[in-house]
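Novice: Provided herewith is a single structure, encoded as structure tokens, for subsequent inquiry.
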């Protein structure tokens with residue numbers, strides 16, 4: 001199973017009482033699949049680290065059930081210990097995940113990170129993603145070494161800054177052994193594609209636009225892909241990174257305005273929209289037509 005393309009990370013919709021809103025979650029799954037995505041993710045953008053054990057199972061099972069095998073599902077199962085990451089990986093696979101993705105523990109030495117991924121790879125029979133982030137960086141040479149040592153580690157989501165440079169290094173070092181995805185909300189998608197990335201894991205609020213960009217790029221129309229990215233993706237990416245924890249807030253609100261989820265509540269701790277950011281989001285929504293509900 002080769003995994004490439006647009007794999008949006010689903011948000012977890014909550015109701016006003018912080019219960020998982022299954023109906024909105026199912027609507028979100030259908031919205032992204034109708035948009036033409038190539039896969040789905042349940043990860044940090046899903047607030048997975050804020051979910052209870054029961055909620056984690058609930059979200060994975062609902063997404064798997066609603067997806068009905070139409071696209072593969074990648075689930076983040078990383079923790080601070082090898083034993084729990086291996087267990088969460090086994091659980092996710094048992095509940096229907098097609099692949100798992102793990103942040104390494106931090107702080108950890110290179111040898112400890114290698115041992116961590118060895119334990120995860122030995123625990124499952126599905127592809128394993130390494131997740132490289134600003135707070136848990138995995139340098140390109142270490143990605144390659146882990147892949148050399150671990151049968152199932154064949155993917156990496158690279159999003160430590162500077163993202164295009166790190167993607168290029170990972171692609172060059174892995175020499176085809178590891179398929180590289182970009183992340184960071186898809187804000188650098190054209191730059192990542194030029195440097196050899198084969199997938200992206202953005203927020204789901206603009207899944208349809210990301211698919212259009214992907215299709216334009218794959219058809220050879222790089223100019224149109226870049227223009228669409230700069231016109232519709234970059235302004236949202238810039239706004240959602242204006243605060244340390246604004247990503248969930250902005251993208252859930254966009255999904256609410258599009259009629260995909262019923263409530264934009266983000267589980268605490270989170271950053272609410274201040275009046276200035278609210279006005280900026282209003283203006284951006286009007287310009288992009290984001291406030292128009294989808295059918």
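In this note's numbering, the protein residues as written are 1 to 295.
Ideal Cβ placement from N, Cα and C applies to all residues, glycine included.
Computed from a prediction, not measured in an experiment: that's the story for all the values here.
1) May I ask you to report which of helix, strand or coil DSSP gives residue 28?
2) Spatial neighbours of residue 89 within its chain, please: C-beta separation below 7 Å, excluding the five flanking residues on both sides.
3) Where does residue 124 sit, in a helix, a strand or coil, going by DSSP?
4) Measuring CB to CB, does residue 117 end up less than 9 Å from residue 157?
5) Taking the alpha-carbon positions, what's the residue 280 to residue 239 distance?
6) Below 6 Å CB to CB, which residues in the same chain sit around residue 112 once its five sequence neighbours on both sides are set aside?
7) Okay, do the stretch 240-257 and the stretch 192-200 touch, 3+ Cβ pairs below 8 Å being the bar?
8) For residue 180, which of helix, strand or coil comes out of DSSP?
9) Below 9 Å between beta carbons: does that hold for residue 216 and residue 202?
10) Based on the DSSP output, what are the partners of residue 101 in its beta bridges?
11) Hey, which unbroken runs of the beta strand (DSSP E) at 3 residues or more fall wholly within the stretch 1-47?
12) Considering just the uninterrupted stretch of the alpha helix (DSSP H) at residue 154, what are its terminal residues?
13) Residues in its own chain within less than 7 Å of residue 286 by CB, not counting five upstream and five downstream?
14) Less than 8 Å between the CB atoms is what I'm expecting for residue 266 and residue 252, so what's the real figure, rounded?
15) By DSSP, does residue 69 sit in helix, in strand, or in coil?
16) Within its chain, find whatever has a CB closer than 6 Å to the CB of residue 166; leave out the 5 residues flanking it on each side and keep chain order.
17) Would you mind reading off the limits of the alpha helix (DSSP H) that contains residue 168?
18) Within the continuous alpha helix (DSSP H) that includes residue 52, where are the two ends?
19) Please report the straight-line C-alpha distance between residue 288 and residue 152, rounded to a whole angstrom.
20) Counting along the chain, where does the alpha helix (DSSP H) carrying residue 143 start and finish?
21) Less than 8 Å between the CB atoms is what I'm expecting for residue 13 and residue 25, so what's the real figure, rounded?
22) Quick one: give me the first and last residue of the alpha helix (DSSP H) that residue 269 is part of.
23) First and last residue of the alpha helix (DSSP H) that includes residue 91?
24) According to the Cβ coordinates, are residue 23 and residue 262 closer than 9 Å?
25) Does DSSP put residue 209 in a helix, in a strand, or in coil?
26) Return yes when the Cβ of residue 60 is within less than 9 Å of the Cβ of residue 85, no when it is not.
27) Can you give, in chain order, each stretch of the alpha helix (DSSP H) that sits fully within the stretch 241-266 and has at least 4 residues?
28) Alpha carbon to alpha carbon, how far is residue 284 from residue 74?
29) Is the distance from the Cβ of residue 140 to the Cβ of residue 169 below 9 Å?
30) Determine the contact status of residue 228 and residue 249, defining contact as a CB-CB distance below 9 Å.
Specialist: On the basis of the data shown:
1) Position 28 of the chain shown, counted from the first residue, corresponds to residue 28. Here residue 28 sits in helix by DSSP.
2) Here the question's residue 89 lines up with position 89 in the chain shown. The residues are 77, 100, 120, 123 and 124.
3) Taking the first residue of the chain shown as 1, we reach residue 124 at position 124. Here residue 124 sits in coil by DSSP.
4) Walking along the chain shown from the start, residue 117 turns up at place 117. Walking along the chain shown from the start, residue 157 turns up at place 157. It is not a contact, given that the beta carbons lie outside the stated cut-off.
5) Position 280 of the chain shown, counting from 1, holds the residue named residue 280. Position 239 of the chain shown, counting from 1, holds the residue named residue 239. Between residue 280 and residue 239, the C-alpha separation is close to 8 Å.
6) For the purposes of this step, residue 112 is identified with residue 112 of the chain shown, where counting begins at 1. Contacts found: none.
7) no
8) The count along the chain shown starts at 1 and reaches residue 180 at position 180. If DSSP states are grouped into helix, strand and coil, residue 180 belongs with the strands.
9) Here residue 216 is taken as the residue at index 216 of the chain shown, counted from 1. Here residue 202 is taken as the residue at index 202 of the chain shown, counted from 1. Against a cut-off of 9 Å, the Cβ pair of residue 202 and residue 216 comes out as no contact.
10) Locating residue 101 in the chain shown gives position 101, where the first residue counts as 1. According to DSSP, which records beta bridges pairwise, residue 101 is partnered with 76 and 129.
11) 40-42
12) Translated into positions along the chain shown, residue 154 becomes position 154. Per DSSP, residue 154 belongs to no alpha helix (DSSP H); it is in the beta strand (DSSP E), 153-158.
13) Along the chain shown, read from residue 1 onward, the residue named residue 286 stands at position 286. Excluding positions up to five away in sequence, the list is empty.
14) The sequence position of residue 266 within the chain shown is 266, counting from 1. The sequence position of residue 252 within the chain shown is 252, counting from 1. Residue 266 to residue 252, Cβ: 6 Å. Contact.
15) One-based indexing of the chain shown puts residue 69 at position 69. Here residue 69 sits in coil by DSSP.
16) Counted from its first residue, the chain shown places residue 166 at position 166. If we look at residue 166 and ignore the five residues flanking it on each side, its Cβ neighbours are 158 and 160.
17) In the chain shown, residue 168 corresponds to position 168, counting from 1. Following the DSSP letters along the chain, one finds residue 168 inside the alpha helix (DSSP H) bounded by residues 163-174.
18) Along the chain shown, read from residue 1 onward, the residue named residue 52 stands at position 52. Here residue 52 belongs to no alpha helix (DSSP H), and DSSP marks it neither H nor E.
19) What you label residue 288 is simply residue 288 of the chain shown in a count that begins at 1. What you label residue 152 is simply residue 152 of the chain shown in a count that begins at 1. Distance between the alpha carbons of residue 288 and residue 152 is about 41 Å.
20) Sequence index remark: in the chain shown, residue 143 carries index 143 (1-based). Its alpha helix (DSSP H) spans residues 140-149.
21) Taking the chain shown and counting its residues from 1, the one referred to as residue 13 is at position 13. Taking the chain shown and counting its residues from 1, the one referred to as residue 25 is at position 25. Confirmed, Cβ separation roughly 5 Å.
22) Against the chain shown, residue 269 aligns to sequence position 269. Segment: none, residue 269 is in no alpha helix (DSSP H) and carries neither H nor E.
23) Working through the chain shown from its first residue, we reach residue 91 at position 91. Element bounds for residue 91: 82-94.
24) Counted from its first residue, the chain shown places residue 23 at position 23. Counted from its first residue, the chain shown places residue 262 at position 262. Yes, Cβ-Cβ distance for residue 23 and residue 262 is below 9 Å.
25) Against the chain shown, residue 209 aligns to sequence position 209. If DSSP states are grouped into helix, strand and coil, residue 209 belongs with the helices.
26) The residue given as residue 85 occupies position 85 in the chain shown. The residue given as residue 60 occupies position 60 in the chain shown. No. Outside cutoff.
27) Fully enclosed alpha helix (DSSP H) runs of no fewer than 4 residues occupy 246-257 of the stretch 241-266, in order along the chain.
28) The residue labelled residue 284 in the question sits at position 284 within the chain shown. The residue labelled residue 74 in the question sits at position 74 within the chain shown. Approximately 31 Å between the Cα atoms of the pair.
29) Position 140 of the chain shown, counting from 1, holds the residue named residue 140. Position 169 of the chain shown, counting from 1, holds the residue named residue 169. Taking 9 Å as the Cβ cut-off, residue 140 and residue 169 qualify as a contacting pair.
30) Mapped onto the chain shown, residue 228 falls at position 228. Mapped onto the chain shown, residue 249 falls at position 249. It is not a contact, given that the beta carbons lie outside the stated cut-off.
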